[in-house]
Amino acid sequence: VAIARVLLKNAPILVLDEATSALDSESEAAIQERLNLVMEGKTVIAIAHRLSTIARMDRIVVLDHGRIVEEGRPEELVEQDGLFARLWKRQTGGFIPEEID
């Protein structure tokens, strides 16, 4: 229901809190594709444990125990070999391309 509201409402700011966490991979991919179009040109605050859902964001802020530990573009964070990179490597495991384009 919350995702449907995002898709129907043309709000300038979107807050997505684990928006696709309850979906299977196929459904997630279909919805994420549509969300990417809806998010274009908007401010998006996305809370995610599944990093594939935020891989196309312009800027990512990584929190650890409530503190900002990293921030930057996804491809920069992967190269920095910090927390985001470690989590990315753990989650890609052959299911997600290791390179972010």
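Residues 65 to 165 in our numbering are what the sequence shown lists, from first letter to last. The beta-carbon is built from N, C-alpha and C at its ideal position, and this holds for glycine as well. Source: prediction; values computed, not measured.
- If you draw a 10 Å sphere on the C-beta of GLN155, you find fewer than 16 other C-beta atoms in it, and that means exposed.
- With a beta-carbon spacing of about 18 Å, ASP122 and ARG98 fall beyond the 8 Å limit used to define contacts.
- The beta carbon of ILE118 sits closer than 8 Å to the beta carbons of ALA110, ALA112, ILE124 and PRO138 from its chain, once the five residues preceding and following it are set aside; these are given in chain order.
- The Cβ-Cβ distance between VAL108 and LEU78 falls below 9 Å.
- If you draw a straight line from the Cα of GLU143 to the Cα of ALA149, it is about 7 Å long.
- ARG154 carries a helical assignment under DSSP once its states are collapsed to helix, strand and coil.
- Comparing alpha-carbon positions, the option among GLY105, GLU82 and SER89 lying closest to ALA75 turns out to be GLY105.
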